[in-house]
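Enquirer: Dropping a structure here in structure tokens format, bear with me for questions.
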Amino acid sequence: MTSGENRRASRGWWDADADAYQAEHGDFLGDVDFVWCPEGLREADARLLGDVAGQRVLEIGCGAAASARWLATQGARVVAADLSGGMLRHAREAAERSGVRVPLVQCDALAIPFAAEAFDTVCTAFGAVPFVDDSARLMREVFRVLRPGGRWVFSVTHPMRWVFLDDPTERGLVAAHSYFERTPYVEYDETGAATYVEHHRTLGDRIRELVAAGFVLADLIEPEWPEGHEQIWGQWSPLRGRIFPGTAIFVAEKPSVLAPPPASVSE
Ligand SMILES: C[S@@+](CC[C@H](N)C(=O)[O-])C[C@H]1O[C@@H](n2cnc3c(N)ncnc32)[C@H](O)[C@@H]1O
Numbered sequence: 001m002t003s004g005e006n007r008r009a010s011r012g013w014w015d016a017d018a019d020a021y022q023a024e025h026g027d028f029l030g031d032v033d034f035v036w037c038p039e040g041l042r043e044a045d046a047r048l049l050g051d052v053a054g055q056r057v058l059e060i061g062c063g064a065a066a067s068a069r070w071l072a073t074q075g076a077r078v079v080a081a082d083l084s085g086g087m088l089r090h091a092r093e094a095a096e097r098s099g100v101r102v103p104l105v106q107c108d109a110l111a112i113p114f115a116a117e118a119f120d121t122v123c124t125a126f127g128a129v130p131f132v133d134d135s136a137r138l139m140r141e142v143f144r145v146l147r148p149g150g151r152w153v154f155s156v157t158h159p160m161r162w163v164f165l166d167d168p169t170e171r172g173l174v175a176a177h178s179y180f181e182r183t184p185y186v187e188y189d190e191t192g193a194a195t196y197v198e199h200h201r202t203l204g205d206r207i208r209e210l211v212a213a214g215f216v217l218a219d220l221i222e223p224e225w226p227e228g229h230e231q232i233w234g235q236w237s238p239l240r241g242r243i244f245p246g247t248a249i250f251v252a253e254k255p256s257v258l259a260p261p262p263a264s265v266s267e
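To convert, note that position 184 of the sequence shown is 184 in the UniProt record's numbering; the numbers rise steadily by one, no gaps.
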């Protein structure tokens, strides 16, 4: 599959799914709130982005942009970006409802339409990263738009979950796929065109892609399923969450002092 086919499938899928996604998860995510994962970890408690007051923040794969609006209430200068016009329509509606407005940009996270070093922080909760074929390129693109010393924090499905069936019940406690199988999960329509694409990377792959882009990994958070939290989200459930992790949150930093380019060899 080409990058173009991947992008078309993702855009079409999230446009078509936007209403259902927000109907199912909108209450959990809130209109002005930053929830990192189905385990319910909130940025208000985790503070993975540090103090964002006055910071220039870009949220990629923002969906309805509840996180971006929450960041705006904390004093950040936020831009929220997503590939899907359907998702951004929900972002506009939530801005109307809440009265918290942030600039919205429709773009592919592989080609962020901002200048180098335009942001202090880039973040996403489950947006963009698993849906692009070339996540190493996405890491380089985020590195480009961050200033030296800036931070990149993203949550994704924990790579462990790739191994197990996509089922929140006991039936899902079966190891069915190889952790090392990187062939993407693809759904097709009757014409054979891809309609949904999701890519698996191992923990090592993700760290290697970050490091190759120039980042330093500061932390890797595997939120535990909290006591008393009973809400199921797709394959994320209390049953499975108590046994093995469902989310990985990577906290990476662009070094303040960048290594000089290799000296050219004079003849
Ligand atoms: C699982 S949703 C997460 C949305 C939101 N962050 C949340 O927590 O609800 C994934 C989002 O990633 C977006 N996305 C997928 N591929 C993308 C890409 N290549 N560039 C930017 N956004 C993308 C989708 O449109 C969708 O809004």
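For glycine and all other residues, C-beta sits at the position ideal for the given N, C-alpha and C. Please read these numbers as outputs of a predicted model, since none were measured by experiment.
So the beta strand (DSSP E) Leu104 belongs to, where does it begin and stop?
Expert: Segment Leu104 to Gln106, the beta strand (DSSP E) holding Leu104.
Enquirer: List the endpoints of the continuous beta strand (DSSP E) containing Pro148.
Expert: Element bounds for Pro148: Leu146 to Thr157.
Enquirer: Which ranges would you report for the beta strand (DSSP E) in the region 24 to 93 if only whole runs of at least 3 residues count?
Expert: The qualifying runs are 56 to 59 and 77 to 82.
Enquirer: I'd like the ranges of any alpha helix (DSSP H) spanning at least 4 consecutive residues and lying wholly in the region 213 to 267.
Expert: With a minimum length of 4 residues, the continuous alpha helix (DSSP H) runs that stay inside the region 213 to 267 are 238 to 241.
Enquirer: Between the region 36 to 54 and the region 12 to 19, are three or more C-beta pairs nearer than 8 Å?
Expert: Taking 8 Å as the limit for Cβ pairs, the verdict is that the region 12 to 19 does not touch the region 36 to 54.
Enquirer: Decide if Val257 is buried, meaning its Cβ has at least 16 other Cβ atoms within 10 Å, or exposed.
Expert: Result: exposed.
Enquirer: For Ala9, list the residues DSSP reports as bridge partners.
Expert: The partner list for Ala9 (beta bridge, DSSP) is empty, contrary to what the question assumes.
Enquirer: Counting beta carbon pairs with one atom in the region 155 to 163 and one in the region 119 to 139, are three or more of them shorter than 8 Å?
Expert: Touching, per the Cβ criterion.
Enquirer: Rank Trp225, Thr195 and Leu217 by C-alpha distance to the C-alpha of Arg8 and give the top, closest one.
Expert: Measuring from the Cα of Arg8, the nearest candidate turns out to be Thr195.
Enquirer: Could you tell me whether the region 99 to 113 touches the region 81 to 89, using the rule of 3 or more Cβ pairs below 8 Å?
Expert: Short answer: they touch.
Enquirer: Hey, quick one: how far does the beta strand (DSSP E) through Tyr185 stretch, first residue to last?
Expert: Unbroken beta strand (DSSP E) run through Tyr185: Tyr185 to Tyr188.
Enquirer: Do Leu132 and ligand 1 come close, with the Cβ less than 6 Å from some heavy atom?
Expert: The question names Leu, but residue 132 in the sequence shown is Val. Val132 Cβ: within cutoff of ligand 1.
Enquirer: Put Tyr196 into one of helix, strand or coil per three-state DSSP.
Expert: Note: Tyr196 maps to strand in three-state DSSP.
Enquirer: Going by beta-carbon coordinates alone, are Ala80 and Cys62 separated by less than 7 Å?
Expert: Yes, these two residues count as a Cβ contact at 7 Å.
Enquirer: Among the candidates Gly246, Arg208 and Gly204, whose CA atom is the shortest distance from the CA of Glu224?
Expert: Glu224 has its Cα closest to that of Gly246, out of Gly246, Arg208 and Gly204.
Enquirer: Should Pro168 go down as buried or exposed, given a rule of 16 or more other Cβ atoms within 10 Å for buried?
Expert: Buried, by the Cβ-count rule.
Enquirer: How would you write the range of the beta strand (DSSP E) that Thr191 sits in, first residue to last?
Expert: That residue, Thr191, is in no beta strand (DSSP E); it is neither H nor E in DSSP.
Enquirer: Return the chain-ordered list of same chain residues with a C-beta closer than 6 Å to the C-beta of Val186, the five sequence neighbours on each side being excluded.
Expert: Closer than 6 Å at Cβ, skipping near neighbours: Ala194 and Val197.
Enquirer: By how many angstroms is the C-alpha of Cys123 removed from the C-alpha of Asp166?
Expert: Asp166 and Cys123: Cα-Cα distance of roughly 26 Å.
Enquirer: By a C-beta neighbour count over all protein chains shown, 10 Å radius and 16 as the cutoff for buried, is Asp82 buried or exposed?
Expert: Under this definition Asp82 is a buried residue.
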